[in-house]
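Worksheet for the structure shown next.
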């Protein structure tokens with residue numbers, strides 16, 4: 066079937082309407098009206114005679130804005146297209162009195178801001194969805210200092226959450242036959258173990274590797290999230306041989322273990338619209354079918370929150386049962402190149418392993434593991450299996466995770482149980498051996514804390 | 066790039082979760098739990114460990130329901146997953162007091178029913194979107210006698226309206242190289258000028274024809290709407306030569322006119338989610354580019370509301386200035402084969418033309434043209450150009466439109482003006498010649514009515 | 066990657082050259098020169114400045130020829146572009162004297178007619194390959210009465226044999242998602258069990274059926290050969306339930322047998338360029354993978370040569386040990402509707418089965434089975450397993466095969482042995498039970514004949 | 066339609082046959098037989114029961130051969146599968162006597178070596194065509210020292226010439242959406258202006274560039290030839306700004322000139338099977354359509370044969386009217402870095418320009434321009450328009466073409482005339498200005514030479 070790719074053409078019918086509008090705008094103000102006017106027009110034009118053309122102009126003009134202008138733009142949107150508080154109040158009062166379907170419907174309509182309809186109409190433009198994702202990325206940045214824009218960000222998130230439903234996504238294998246325009250995004254978005262260029266990329270798409278990504282039909286060249294997998298024998302304990310592009314390629318049919326060594330969310334504008342959990346499970350499923358010999362599925366993951374937590378507890382060594390001697394050694398880790406001192410590393414090993422085991426097993430935030438990667442995988446149904454001392458000897462690896470990496474394993478027949486135990490009962494799937502690494506006095510400490518909490 | 070078509074496979078990882086659930090359900094009740102239990106489970110499972118599998122089961126089981134069961138299912142959904150009126154009332158009162166962002170957000174969350182989240186999760190299943198469209202089709206049927214289900218229908222419409230945004234649709238040309246699985250849908254959905262089978266279809270996809278449809282990425286084999294176009298010389302006045310598959314194929318490069326002779330919405334479940342206006346304009350645009358010789362774009366349309374209106378006014382002939390003689394003739398139109406009496410037809414011609422012109426030019430419903438096809442095209446920016454006596458001599462053509470067809474022409478540079486004049490000022494683009502057909506005494510009548518309204 | 070489909074465009078650069086040529090031709094003779102002139106020009110133009118355009122003109126003009134003109138055209142080609150006998154003779158004599166590589170090369174060049182180069186250049190035109198296949202089809206028809214054209218037909222066959230090498234073919238599954246332009250070819254080309262229209266076709270592409278075809282890249286909408294398969298339980302003995310489109314669809318996963326019930330060569334112009342043997346084996350291979358439960362692969366085949374042979378032996382009943390009584394019954398088979406007399410049928414059964422068994426087991430042509438279908442499958446490595454009385458009760462079935470069908474089974478691990486025994490030792494894989502059906506006195510007859518031959 | 070990609074699977078049916086063969090071979094000789102045995106088997110096996118499997122083994126084993134083994138392999142092929150000289154002689158004699166169609170056909174069959182049939186059968190293997198192209202590449206190398214293999218090379222060329230007919234090729238646009246597996250080939254095959262890596266490649270596929278290649282259906286990831294085009298304003302005189310990836314991208318819609326700055330044949334094994342002439346003309350055609358503003362189509366080409374010719378004439382300065390002073394300067398060009406001396410360059414300019422103009426206008430080989438690039442473009446219908454002093458200031462540019470580049474322009478309405486004048490009358494389309502650069506005494510010289518030849 067011929068795909069007409071109408072979107073690539075100029076929509077001259079719609080353009081005719083647009084030209085009319087431009088003329089009118091010009092005659093009013095002597096210059097091309099701003100985005101504000103276009104947004105008003107897009108919402109006010111009943112029917113859609115020129116909707117696509119206006120939406121396209123908004124998309125194009127948005128691309129030209131600098132940061133200040135974006136701020137102004139979203140403040141305008143917030144002021145002009147947010148809900149009318151008085152109208153909502155009236156509808157709310159009516160509902161409280163009547164409590165009938167009609168007044169409920171009315172209230173429902175009143176609490177939905179015009180902003181949502183504006184976004185839905187902008188989406189009609191060629192490239193509209195991509196721009197809306199960018200808008201949310203920009204807004205997430207802006208709301209840090211301008212919390213008043215949160216309602217707009219909330220509206221965008223609401224729609225994106227609905228539009229990027231798993232049912233609309235496609236999973237694709239990425240390999241050396243993938244178009245370059247997609248491959249270069251991988252180089253750009255890979256942040257766990259950075260790629261230096263095409264040579265590195267080629268290594269990560271070798272015959273003993275697999276890479277998968279989710280795509281949305283309107284963003285065909287933009288991966289939403291991708292995962293990199295190495296097919297190996299035995300549970301990998303070090304990242305070095307995996308990301309070294311000069312290593313020989315092995316026969317993937319002989320592999321017994323799939324190592325998920327890098328997962329990257331690509332679109333900041335889709336923050337909070339989570340895909341990672343689904344992607345991992347589907348890739349496990351797919352690999353099981355492609356390679357019947359695979360027996361184990363495991364991550365090789367950083368412990369990215371460790372160092373920050375470690376720096377904070379260093380100030381209260383007693384509470385964490387850190388011996389004076391160890392504390393002195395640990396203070397040396399403030400230097401930029403502490404890890405190049407092999408003796409220091411060796412001396413630190415027992416204490417650091419103990420602390421990192423404690424950190425993963427006991428450190429909490431809102432009743433969930435404090436470490437974001439641990440939180441993600443444990444909640445997702447994986448089991449923390451092993452800690453690997455000197456698993457990542459890159460500067461970043463040392464600074465962030467004290468050079469250690471963790472294996473979270475995915476056992477297909479235990480994923481659901483682990484997940485439910487995690488979510489419902491806060492029982493986290495962590496191997497006995499991890500607990501064993503925690504110094505006994507810290508374990509006692511932990512028990513006391515729990516005791517306290519229960520009381 | 067290899068598309069993995071994961072959706073076609075069984076999701077065995079998710080299945081594991083599902084099996085667990087089924088076992089639990091069975092152990093409780095001795096049998097496979099019903100859809101109700103699955104819906105609860107789908108919403109209650111925090112995280113998504115087995116979301117896709119549960120959603121798939123819901124989709125499969127929904128397909129098995131008979132009409133009674135569907136009614137029960139939606140009543141359950143309505144009772145269980147609609148908004149909690151008390152919670153909304155509390156949130157509404159709080160908002161009325163505080164009128165701050167936090168209480169607004171809380172209210173917004175309360176008025177969104179759980180049903181919407183349920184639908185979003187069902188959408189994760191393979192074939193989920195298609196099932197949701199079917200659900201709305203079924204609900205539209207059910208709400209006729211069960212208006213209490215309207216909130217559920219409203220929730221479905223809200224999501225489908227958002228998901229079937231023009232930005233997500235693709236326009237495709239349909240021709241003889243299109244897969245049979247799509248072509249058979251055309252035969253099935255064509256209701257303006259029915260096709261008897263593949264022979265008819267082939268004629269409508271001949272070299273001097275064009276056919277275009279909108280598709281949604283998740284329904285690749287289901288056209289949402291399609292339009293059939295004949296490329297001819299001069300403005301067609303009769304449908305016969307167009308739908309007669311035995312007519313010789315002409316050279317489309319020599320055509321000066323594109324006749325849009327059939328437009329069909331295919332998905333009842335998407336009722337009210339309009340695409341027709343956009344499709345026509347984009348096809349006009351596309352044909353202009355493919356055939357630079359095309360000068361005119363016109364429909365050849367039925368007047369489907371005429372007969373019902375005509376039957377009603379026949380009871381009050383005086384008010385519509387129908388002479389006694391004409392009235393007698395018109396009463397003969399009650400018979401099943403009145404149109405086979407050529408003399409009668411000839412005698413009726415002036416009066417019928419006058420009435421149909423009056424009907425199109427003056428008959429109103431909520432300030433818009435009463436005839437649905439006239440309303441659609443005029444609102445859409447077309448101009449009613451001509452009436453064609455004996456344009457459709459099929460039994461259906463006579464019974465519905467008294468054998469007449471109308472040409473609505475689309476002039477690219479006037480579409481926007483027509484549309485805006487229509488929407489804003491209720492000025493309808495109707496040719497002088499149509500007005501001229503209206504009997505003068507009826508025209509006076511009309512002026513008086515207007516006068517009255519103004520007073 | 067964008068495929069430019071240049072071939073669909075006019076080649077205006079080349080056209081410029083063509084225009085020049087046309088002008089020149091016109092100025093010479095006052096009218097557009099004939100195909101002859103174009104062929105000369107195509108061969109004489111050194112370089113290829115206007116080769117594609119000339120080739121295209123030849124292709125277009127060939128399409129316009131009637132049968133007489135085609136005869137003239139090929140006679141011209143034969144006279145003008147065949148080898149020069151004198152030149153060959155000179156080169157042959159030189160070679161006989163020198164017997165060196167240079168004179169061999171020279172001789173090789175001389176025996177290749179210019180006609181081959183002409184065909185190769187015509188092939189450059191858009192649609193060239195398709196036209197060349199048509200040319201051969203026409204020539205095969207013409208050579209029946211005009212054997213002098215055989216050298217041209219031989220040249221065409223030589224090139225087509227080289228171009229339609231298995232390495233260039235693609236096997237495709239045909240199903241309801243296949244473009245209609247291909248599906249209609251199936252209806253058209255099916256000659257074993259004719260389809261009445263799309264309804265029949267749909268039945269043959271149901272979920273418990275499979276259909277596969279070979280395609281050549283330059284003929285994307287033209288199947289070269291296709292095979293229809295039914296997935297059933299047990300070895301089918303009758304064609305009726307298979308080709309009856311109203312039969313319910315069964316679950317193909319439960320099938321243990323794949324019945325190849327129709328194989329059709331589509332392109333007469335490719336006669337003698339055999340694909341059937343490869344197609345069957347690859348489909349067996351493919352189905353084994355898709356349906357691991359399949360245990361048997363069998364044809365359900367007509368015995369198309371039986372009736373002609375039978376009619377001939379009826380004249381010498383003694384030689385075939387036909388009893389007087391049987392002979393009288395058999396003479397009744399001359400009538401058009403003999404098979405509607407059930408009693409007659411029943412009376413004929415033993416004798417006809419015996420004769421058909423004899424025909425398949427012993428009737429020979431050039432040391433191969435006389436029946437073309439038997440010859441094809443036995444040579445191809447299959448085993449004649451069973452005869453099915455009243456397997457095909459269509460008029461054609463009775464007239465051609467006396468209502469019987471044969472099962473040739475393909476056992477993957479015996480195909481090669483069967484094939485080699487067949488080709489090398491003339492041992493044909495025919496089941497004991499078939500021999501058992503042959504009347505004993507005929508079997509003796511056969512032994513004598515063999516004896517005689519050996520002596 | 067589902068493409069089954071059977072070729073990617075193991076052909077287990079065929080494998081069964083293969084296994085049988087291997088067993089037999091092993092039992093004979095105690096080890097896996099060599100390629101020789103396989104080739105014999107492939108040819109001797111009547112029918113094709115195991116043809117694909119044997120062909121595949123040959124393909125796989127050929128890949129493993131080292132250079133010595135390849136030589137042995139082709140010598141075996143040459144000895145065993147070349148024509149039988151005695152048989153040819155007999156057939157030749159018979160033909161000389163009879164001169165009838167039958168004896169001609171017999172002779173034709175005898176002069177075709179078995180090697181051709183061997184190649185055709187090898188082609189059935191997955192990847193067969195690619196291997197055959199490699200075989201010819203290897204043979205072209207081997208025949209330099211082993212001319213006795215020429216008959217085998219000739220057989221390969223004959224088949225490849227037939228198989229790579231323009232009618233079977235597809236032209237594709239190469240851009241940033243092209244799979245990486247193809248793009249890396251461009252980096253690898255570009256030899257006119259080498260690319261250092263992906264950064265360079267990206268520049269050559271920028272929005273103001275175009276790249277096109279021919280592909281054969283059986284080699285989907287292997288371009289046969291590609292051309293790189295820059296869309297610029299005015300006739301480019303220097304390659305630097307074109308291949309500098311850091312230059313800003315310009316608006317291609319504003320370009321009036323397309324510069325073909327690099328054309329590369331990719332497959333050494335297809336040497337002599339020319340595509341370049343067709344590719345350029347089709348790209349001219351395509352660009353005219355995509356960019357209606359384009360007025361000029363020109364190459365920016367090296368003069369690769371100049372330096373070798375120049376070095377030879379330096380020995381006979383008098384004959385080429387080189388002044389003593391110039392001759393001394395020219396001798397300095399022997400150094401490796403002569404071109405870094407700007408003064409020298411400036412002093413040499415008039416003499417070098419004169420000589421290069423003479424070289425292009427008058428130097429001949431077999432009546433055609435001596436320079437291979439000039440020969441290609443002039444024969445192809447282009448016109449030598451301009452010489453650009455310091456057009457290519459790379460070391461290679463200086464060493465090969467004395468830093469000069471030539472513009473050959475393609476004027477669509479003159480291509481055919483130029484081509485025909487070239488081929489038939491040896492009139493070469495060279496601009497007056499080029500002749501004007503030739504020193505007048507050399508021009509006289511040229512006239513005399515011509516005079517002499519005529520006499």
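Protein chains in written order, with this note's numbering: chain A, 66 to 520; chain B, 66 to 520; chain C, 66 to 520; chain D, 66 to 520. Just so you know, even glycine gets a beta-carbon here, dropped at the ideal spot from N, CA and C. Predicted model only: the values in this text are computed from it and were never measured.
From residue 437(D) to residue 131(D), what does the alpha carbon distance come to, in whole angstroms? 33 Å
Let me know the secondary structure DSSP gives residue 434(A) once reduced to three states. In this structure, residue 434(A) counts as strand in the three-state DSSP scheme.
C-alpha gap between residue 238(B) and residue 229(C), whole angstroms: 32 Å
Own chain, CB closer than 7 Å to residue 176(C), minus 5 neighbours either side, in chain order: 148 and 153
By the DSSP assignment, the alpha helix (DSSP H) with residue 361(A) in it spans what residues? Per DSSP, residue 361(A) belongs to no alpha helix (DSSP H); it is in the beta strand (DSSP E), 361 to 364.
Does residue 245(A) have its Cβ less than 8 Å from a Cβ in chain D? yes
First and last residue of the alpha helix (DSSP H) that includes residue 464(A)? 460 to 466
Whether residue 341(A) touches residue 222(A) by CB criterion (8 Å): no
Using Cβ-Cβ distances below 7 Å, what residues of the stretch 230 to 260 of chain D are close to chain A? 241, 242, 243, 244, 245, 246 and 248
Please report the distance separating the alpha-carbon of residue 257(B) from that of residue 464(B). Rounded to the nearest whole angstrom, the CA to CA distance from residue 257(B) to residue 464(B) is 13 Å.
Buried or exposed: which applies to residue 317(A), given that a residue is buried once 16 or more other Cβ atoms fall within 10 Å of its Cβ? buried
Bridge partners of residue 448(A), per DSSP? Bridge partners of residue 448(A): 474(A).
Sort out for me which residues DSSP pairs residue 297(A) with in a bridge. 322(A)
Any Cβ of chain B within less than 8 Å of the Cβ of residue 403(C)? no
Only counting the same chain, and skipping five residues up and downstream in sequence, which positions put a Cβ closer than 6 Å to that of residue 411(B)? none
When we look at the beta-carbon of residue 311(A) and count the other beta-carbons within 10 Å, is it buried (16 or more) or exposed? exposed
Under the assumption that residue 468(B) contacts residue 303(B) (Cβ atoms under 8 Å), give the Cβ distance between them as a whole number of angstroms. Wrong, their Cβ atoms sit about 10 Å apart, outside the cutoff.
Alpha helix (DSSP H) containing residue 197(A): first to last residue? 193 to 210
N-terminal and C-terminal residue of the alpha helix (DSSP H) that residue 160(D) is part of: 150 to 163
With residue 205(B) and residue 281(B) assumed to form a contact (beta carbons below 8 Å), what rounded beta-carbon distance in angstroms separates them? Between residue 281(B) and residue 205(B) the Cβ distance is about 19 Å, and since that is not below 8 Å, they are no contact.
Complete runs of the alpha helix (DSSP H) confined to the stretch 314 to 402 of chain B [at least 4 residues]: Listed in chain order, the complete alpha helix (DSSP H) runs (minimum 4 residues) inside the stretch 314 to 402 of chain B are 341 to 355, 371 to 378 and 389 to 396.
State the CB to CB distance for the pair residue 189(B) and residue 120(B), rounded to an integer number of angstroms; the pair is presumed to be in contact (CB under 8 Å). 5 Å
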